[in-house]
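Worksheet for the structure shown next.
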Amino acid sequence: MRSTKASAALERLKRRSGNQDYSMARSADGLFYLIEYADDGEAKRLSPSMEQEDFVVYINGLGPQPEPKKLGKNDAAFEKQLDRMKGKG
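The sequence shown runs 571 to 659 under our numbering.
Following this line, the structure appears as structure tokens:
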């Protein structure tokens, strides 16, 4: 099983939180879990073991979340059109 998705999610968390001490580990049965290294180098486990997809969802929910993008003029017009169509249906 490739862990590219999990690694990418972890890197995003590090950028969002500013905490470079986060890391991930895999158990013998192939499950992922989040760890954080303390100043003394000891690893503290922060999550239970999870399948890769669950781990990515968990990691994406941690830390500060990116600001939602503002809707452009065309996006706003499209949303308005969708709302009108829902009213007719």
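Cβ coordinates follow ideal geometry from the N, Cα and C atoms, glycine included.
Checklist entry - Nearest-angstrom Cα distance between K650 and K640? => result 15 Å
Checklist entry - Should the stretch 573–588 be called in touch with the stretch 626–637, which here means at least 3 C-beta pairs below 8 Å? => result yes
Checklist entry - When you compare each of E623, N644, I605 to R615 by their alpha carbons, which one comes out closest? => result I605
Checklist entry - DSSP on L604, reduced to helix/strand/coil? => result strand
Checklist entry - Taking Cβ to Cβ, would you say S617 is nearer than 9 Å to Y603? => result yes
Item to check | Contact check, S619 vs D591, beta carbons under 9 Å | outcome: no
Checklist entry - Given a threshold of 16 other Cβ atoms within 10 Å of its Cβ, counted over all protein chains shown, does L583 qualify as buried or as exposed? => result buried
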